[in-house]
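In this note's numbering, the protein residues as written are 47 to 212.
We treat Cβ as the ideally placed atom computed from N, Cα and C, and that holds for glycine.
Shown next as structure tokens:
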């Protein structure tokens, strides 16, 4: 309970300090979103930028690596159903885990992190954070549109359910 209070206090103090900072200093020129590295630079100097960079790196790598098992277990049914090669559905004799699926997901995750980190750099996008937010909004919009259309389709179908008795 003490750690909860410490974290809550830290966030509250940081938020109050953030509200008092000049927004023109924090926003990049011509940028519509706040540059978080600039917040750390203004607040803590070079140490803040280093903390932000290291923290962001370990956040991305840690979250990607911790989800490998979950995503590997979503790959296995695809391999078992024949959508992707069946080698990804084989279990390790030693641990009982889906070793090939884990390796596949790890390689796919690391390569996609590298590719999608370098694409904005090569395209010359200045406000990468804003571009990622806009892309995420488009994905959520499509997800909601497809979900709503599926719900509308299912609501118009015949609602006679037949439960087989074994």
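Residue i burial status per 10 Å Cβ neighbour count (16 or more: buried)
i           : result
residue 103 : exposed
residue 183 : exposed
residue 146 : buried
residue 48  : exposed
residue 60  : exposed
residue 151 : buried
residue 121 : buried
residue 144 : buried
residue 96  : exposed
residue 186 : exposed
residue 86  : buried
CB of residue i within 9 angstroms of CB of residue j, strictly
i           : j           : result
residue 157 : residue 117 : no
residue 161 : residue 114 : no
residue 53  : residue 89  : no
residue 110 : residue 159 : yes
Residue span of the alpha helix (DSSP H) that contains residue i, given as start and end
i           : result
residue 95  : 92-112
residue 182 : 174-202
residue 154 : 145-169
Close beta carbons around residue i, own chain, < 6 angstroms, minus the five adjacent residues each side
i           : result
residue 130 : 124
residue 142 : none
Own chain partners of residue i with C-beta closer than 7 angstroms, once the 5 adjacent residues on each side are dropped
i           : result
residue 133 : 146
residue 107 : none
residue 105 : none
Supposed close pair residue i, residue j - CB separation, criterion 8 angstroms
i           : j           : result
residue 166 : residue 177 : 6 angstroms
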